[in-house]
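A.B. asks: Mind having a look at this structure? Questions to follow.
In UniProt numbering, the protein residues as written are 1 to 392.
Set out below in structure tokens:
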């Protein structure tokens, strides 16, 4: 029988509510694998066992588990029956030999974990016996530190699982354990990474995109839809609100000093996103701001923009530089889409010399001459909703 044995880290540190986190992770694994018709997903002794039917390719399972937040790592295993009191390791040795067949290595080690302490043999006993057998049949060197290959053995109550491959998951917390947040998403590199980092902390992301329409085409909207579909692979269901923002920008350009345009755009975006967030029952807003990266992300401008919010504003990228953000975008698969050219509303009517040290008093004085409440109402009423699912 082939299985994936899933391990988690942070969940194991939870106290009396650990069962809640484990069951949410099991639920998310079911959602990630639902189209593959995998029925047996069980929580067992500090790990989760996913039984893989013969007709399903293990590689399909690997791709899904790699994107399941809360999964620290997992093993693709073969299993054999195990007798607690009189364990016969012959079948286990045969599977171990088969796992190593075709592998290229010069040194190896065996690492066993005994989940049920009633097993008469200790983990070290199993490591010694199986390792000695593999040494005899392969002629390879046993090396306990930094071997070329590690054979993993999980000893459960009625079965042993054997694997020569450990695969890393994203770690973190299962999506859905930390409530919902509204993520402001553009077509750039930063905001998809910010949303992903909040998913990894257990948040369900609702997306809000501001489009320059009707002054520009729908290119940025199509790009963002592609990014949201990609991110939905990490949370299984997503909602995207697209707000046509071009007319509001045109009003700001006509009635506000040029240096303050960018900060004014962002304060109104925050207000519109906040209203949509409340409708979605989100507890916070999320932005892709990175301190000092562009003019709108100076300490002064960040403070002035945040003043417009009543909900908490989370900035998971605030201390990251562009190289770090780009590397994470490449790892989660959003980078290729993010670098495609589009017509971002944030690039419309950008002044030659934007204010980088905006004072709140100056912005409040300018806003008194604008129909801020009308802009917010217009943005919320014209927002268009799309939904996404994974597997689609």
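Glycine included, each C-beta is placed from N, C-alpha and C at the ideal position.
With distance defined between alpha-carbon atoms, name the residue in 52, 106, 46 and 243 nearest to residue 382.
C.D. replies: 243
A.B. asks: Measure how close the beta-carbons of residue 325 and residue 136 come, nearest whole angstrom, since I'm counting them as under 8 Å.
C.D. replies: So it is not a contact: roughly 51 Å between Cβ atoms.
A.B. asks: With DSSP as the reference, identify every bridge partner of residue 203, one or two as the case may be.
C.D. replies: BP columns for residue 203 are empty, so no partner.
A.B. asks: On the DSSP bridge list, what partners appear for residue 168?
C.D. replies: 73
A.B. asks: Within the continuous beta strand (DSSP E) that includes residue 240, where are the two ends?
C.D. replies: Per DSSP, the unbroken beta strand (DSSP E) holding residue 240 starts and ends at 237–244.
A.B. asks: Quick check: the Cα distance between residue 270 and residue 312, rounded to an integer number of angstroms?
C.D. replies: Those two C-alpha atoms are separated by around 11 Å.
A.B. asks: Identify the residues that DSSP records as bridge partners of residue 159: which are they?
C.D. replies: 81
A.B. asks: Less than 9 Å separating the beta-carbons of residue 253 and residue 296?
C.D. replies: no
A.B. asks: First and last residue of the alpha helix (DSSP H) that includes residue 382?
C.D. replies: 372–382
A.B. asks: Mind the definition here: the region 124–140 touches the region 40–52 only if three or more C-beta pairs lie below 8 Å; say whether that holds.
C.D. replies: no
A.B. asks: Would you say the region 150–160 touches the region 108–121, given that touching needs at least three Cβ pairs under 8 Å?
C.D. replies: yes
A.B. asks: I need the DSSP call for residue 173, collapsed to helix, strand or coil.
C.D. replies: strand
A.B. asks: Please determine, among 288, 134, 88 and 167, the residue with the shortest C-alpha to C-alpha distance to residue 65.
C.D. replies: 167
A.B. asks: According to DSSP, simplified to helix, strand and coil, what is residue 227?
C.D. replies: helix
A.B. asks: Under 9 Å between the Cβ atoms of residue 179 and residue 204?
C.D. replies: yes
A.B. asks: Near residue 5, which residues of its chain fall below 7 Å by C-beta distance, leaving aside the five closest residues on each side in sequence?
C.D. replies: Closer than 7 Å at the Cβ level, and outside the excluded window around residue 5, lie 47, 49, 74, 75, 77, 154 and 161.
A.B. asks: Determine the direct distance from the alpha carbon of residue 173 to that of residue 237, and round the result to whole angstroms.
C.D. replies: 17 Å
A.B. asks: Based on the DSSP secondary-structure assignment, which residues constitute the bridge partners of residue 152?
C.D. replies: 111 and 163
A.B. asks: Ends of the alpha helix (DSSP H) at residue 18?
C.D. replies: 18–32
A.B. asks: Alpha carbon to alpha carbon, how far is residue 330 from residue 336?
C.D. replies: Taking the straight line joining both Cα atoms gives about 8 Å.
A.B. asks: Under 8 Å by Cβ, that's how I've got residue 256 and residue 351 pegged, so tell me the actual separation to the nearest angstrom.
C.D. replies: Incorrect: roughly 10 Å between the Cβ atoms, too far for contact.
A.B. asks: Could you tell me if residue 390 is buried or exposed, where buried requires 16 or more neighbouring beta carbons within 10 angstroms of its beta carbon?
C.D. replies: buried
A.B. asks: Taking only three categories from DSSP, how would you classify residue 210?
C.D. replies: strand
A.B. asks: Kindly indicate which three-state DSSP category residue 180 falls into: helix, strand or coil?
C.D. replies: strand
A.B. asks: Can we count residue 186 as close to the ligand SAH, meaning its CB is less than 8 Å from some heavy atom?
C.D. replies: With respect to small molecules bound, the structure shown includes none, and the ligand SAH cannot be examined in it.
A.B. asks: In its own chain, which residues sit with a C-beta less than 6 Å from the C-beta of residue 193, not counting the 5 before and 5 after it?
C.D. replies: Residues 325, 328 and 329 of the same chain have their beta carbon placed closer than 6 Å to that of residue 193, with the five preceding and five following residues left out of the count.
A.B. asks: Please report the residue range of the alpha helix (DSSP H) in which residue 367 lies.
C.D. replies: For residue 367, the enclosing alpha helix (DSSP H) starts and ends at 360–367.
A.B. asks: Just to confirm before moving on: does the CB-CB distance between residue 119 and residue 134 stay below 9 Å?
C.D. replies: no
A.B. asks: Please state if the CB of residue 264 and the CB of residue 332 are separated by a distance shorter than 9 Å.
C.D. replies: no
A.B. asks: I need the DSSP call for residue 395, collapsed to helix, strand or coil.
C.D. replies: Absent from the structure is residue 395, since the part of the chain shown begins at 1 and ends at 392.
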